[in-house]
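Chains as they are written, first to last, in this note's numbering: chain A, 1 to 162; chain B, 163 to 579. Virtual Cβ for every residue (Gly too), placed ideally from N, Cα, C. Here the structure is a predicted model, which is why all the values come from computation and not from measurement.
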Amino acid sequence: MFPDELKDNSVAAAIDARFPDAITGGHAERGEPTLFIAPSRIMEVCRFLKDEQAFIRLSGITAVDWIPADPRFEVVYLLHSLDRNLRLRLKCWVAESEGEIDSVTCVWRSANWYEREVFDMFGITFRGHPDLRRILMPTDWEGHPLRKDYPVHGYKYSYQDE
Amino acid sequence: MREVALHTGSIPAAEAEQTADAVASVDRSSRKMTLNMGPQHPSTHGVLRIVLELDGETIVSAVPDIGFLHTGIEKECEVKTWQQAVTLTDRVDYLANLSNNLVYALAVEKLIGDIEIPPKAQWMRVMMAEFSRLNSHLVWLGTHALDIGAMSVFVYCFREREDILRILEMFSGQRMMTSYIRIGGLALEPPRGWQDRVGKFIRAFPSKVDEYEELLDTNPIWTRRTQGVGYTPLEDLLDLGVTGPMIRAAGVKWDIRKSEPYSSYDKFDFEIPTRQENDVYARYRVRLEELRQSARIITQALEGMPEGAWQADAPKIVLPEREKMKTQMEALIYHFKIVTEGFRVPAGEVYQAVESPRGEIGYYVVSDGTSKPYRVYMRTPSFGNLQALPALLEGRLLADSIAALGSMDFVLGDVDR
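Following this line, the structure appears as structure tokens:
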């Protein structure tokens, strides 16, 4: 469903023309264009944006945990085009039961660490990532700290028992 | 062969690249060796660990291992009120703390929407952000020169840095963790007579930059160890997420202060220095020129500082004056609400980017309409830049790794958050 708010946005229109069923929603709140993309199409859309829409930079990838909503996670891609001086935000909903999305490392190499960070902090797996392991937390760490059901003080080191 | 080629003056980076490749491609029967560098290595500027695989003196592969300084700042932000979280942003990049304060404040103000920051606060923010750029570049220049063998520059740089820290202390009461830029304006009113202190410093500063330049450019060790070292094609740098002086040294004229002006940067007159060589020396030249441009901005801020309020006229967000709080009922109520609960921010999300000394620092802030941030994602320049480390090191000599590493100018607090 193509959002009315983004009718004048040439990038959104270009994506819609090429991948008619990829855009599932979007808005331009506070002047920042945001598109919801069907998770299965994210890699194609990213490749299209990089190759044909000059979004040569990926500023970052992150996620937001909307527990108890279903799907639970929102994976956020922050894109930037140097030539056009444009920023674009792509979002994909990822259900907790599924917990997987295609990796975009084959589009931007910088996605490598960004996706590892999301994996580390939220436990979302990226299919096709060349080296998906924890990046900030120790390798034997249990749990994913930025999930909302993860306590700020951690699981293991509860002060109540002492 | 390569020794001779490299040590007879300056050679273009692309040519050095070819010689380095030639060295790397020589088939040797020698056994490969794995070398652990860090996390307690002085040249890693913090706690970075790199696992290097060596073939003789050549680095075959470099695998950075980060996370030693991970303190969970993003998680911590979620349990603080909006204003309290400002103090955490200082700790992210402790050399450019005011850039972090600024980007967070701008992001939250964009979320709030109907808050207008008075010109004086905006100009003050620009001036403070530029001071933190000077601070950061001076620490970088001093330590980088120290790594490469020009020891005295360190002392000169820290002499000026001390003056900057004293100025920051005069404004905020703190030398490093200033938290001076708050949501809605500044933390404190600029102290009386700040113009004299800042003016005295900034008038003398450009000649100090000339001093560093002379110390380094007349030093043959410095020029030979930096020219033609650390070259990586621009396409690779951009693809790997590098921002800031590193890509400006590769010829990209991109600076967020110009391309997406914030906090009245469009009212200042300054240049974006670029170079074409894309080596360690070019990165040094770019940062050196940025010191001069920052000094220009500070001078303009000093001379043209607008009069007026230093905080927004937003009683629900900004704490009332002490006098009003004690005499007016409404001010007392607002004070009580802000202190006990904090202010609420309308639900929504924003991404705000600013140019930190290291590159693009962007905060993606999500609010669910309560008095605490729902999610604060920090896109830190050091994290993005450090990804390019293997590209800078692999196939080069181990001795050059220190120069290449230093030229990236990362702060491990900024990487690990």
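Using a Cβ-Cβ cut-off of 8 Å, A/Glu100 does not count as an interface residue toward chain B, since no Cβ of chain B sits closer than that to its own. Taking a contact to require three or more Cβ pairs closer than 8 Å, the stretch 310-328 of chain B and the stretch 479-495 of chain B do not qualify as touching. For the stretch 515-545 of chain B, the set of residues with a beta-carbon nearer than 8 Å to any beta-carbon of chain A comprises Ala515, Glu522, Gly524, Tyr526, Val528, Tyr536, Arg537, Tyr539, Arg541, Phe545, in chain order. Following the DSSP letters along the chain, one finds B/Arg295 inside the alpha helix (DSSP H) bounded by residues 281-310. Sixteen is the threshold: when 16 or more other Cβ atoms of the shown chains lie within 10 Å of the Cβ of B/Glu439, as they do, the residue is buried. Of all residues in the stretch 44-74 of chain A, only Ile56, Arg57, Leu58, Ser59, Gly60, Thr62, Val64 come within less than 7 Å of chain B when Cβ atoms are compared, listed by chain position. B/Met570 and B/Tyr424 have their C-alpha atoms spaced approximately 25 Å apart. Selection B/Ala283, B/Val317, B/Gly229, B/Val371 evaluated against B/Asp576 yields B/Gly229 as nearest (Cα-Cα). Among the residues of chain A, those whose CB is under 8 Å from the CB of B/Leu400 are Ile56, Arg57, Leu82, following chain order.
B/His207 and A/Pro130 have their C-alpha atoms some 28 Å from each other. Rounded to whole angstroms, the gap between the alpha carbons of B/Gln284 and B/Ile277 is 13 Å. Exclusion of the five residues before and after B/Leu400 leaves Ile409 as the residues of its chain whose Cβ lies within less than 7 Å of its Cβ. Cβ neighbours of B/Trp384 within its own chain (closer than 8 Å, five residues either side excluded): Ala307, Ile310, Gly311, Ala312, Leu378. Inter-residue distance for A/Ser59 and B/Arg344 is about 25 Å (C-alpha atoms, whole angstroms).
Secondary structure of B/Cys239 (DSSP, three-state): helix. The beta-carbon of B/Ser569 is placed no less than 8 Å from the nearest beta-carbon of chain A.
Counted as a single uninterrupted DSSP element, the alpha helix (DSSP H) harbouring B/Gln357 occupies residues 356-379. Burial state of B/Lys194 is exposed, judged by a 10 Å Cβ sphere holding fewer than 16 other Cβ atoms. Ranking A/Cys46, A/Ala28, A/Leu136, A/Glu142 by CA distance to the CA of A/Cys92 puts A/Cys46 first.
In terms of beta-carbon proximity, A/Val11 stays away from the interface with chain B, with every pair separated by 8 Å or more.
Within chain A, the C-beta atoms nearer than 9 Å to that of B/Ile228 come from Trp113, Ile135, Leu136, in chain order. Residues of the stretch 496-514 of chain B with a C-beta less than 8 Å from any C-beta of chain A: Gly510, Glu511, Val512, Tyr513, listed in chain order. For A/Pro145, the neighbours in chain B by C-beta distance under 8 Å run, in chain order, Gly234, Lys237. The beta carbon of B/Gln245 sits closer than 7 Å to the beta carbons of Arg344, Ile345, Gly504 from its chain, once the five residues preceding and following it are set aside; these are given in chain order. Taking a 10 Å sphere around the C-beta of A/Phe36, we find 16 or more other C-beta atoms and assign the residue as buried. In the three-state reduction of the DSSP assignment, A/Phe36 falls in the strand class. Judged by DSSP in its simplified three-state form, A/Tyr150 adopts coil rather than helix or strand. Within the same chain, and ignoring the five residues on either side of B/Ala291 in sequence, the residues whose Cβ sits closer than 6 Å to its Cβ are Leu260, Ser261, Leu264.
Nearest in C-alpha terms to B/Pro226, of all of B/Leu548, B/Asp562, B/Ala412, B/Ser563, is B/Leu548. A straight line joining the alpha-carbon of A/Glu52 with that of A/Asn85 spans about 15 Å.
Between B/Leu348 and B/Trp472 the beta-carbon gap is near 5 Å, inside 8 Å, which marks them as a contact. Chain-ordered listing is empty here: chain A has no CB closer than 8 Å to the CB of B/Ser425, the nearest sitting near 17 Å. For A/Lys91, the uninterrupted beta strand (DSSP E) run begins and ends at 86-94, by DSSP. Residue contact check for A/Leu78 against chain B: a CB pair falls below 8 Å. At a beta-carbon threshold of 9 Å, none of the residues of chain B lie near A/Arg116; the nearest stands roughly 10 Å away. Going by DSSP, B/Asn198 is part of the beta strand (DSSP E) stretching over 195-199.
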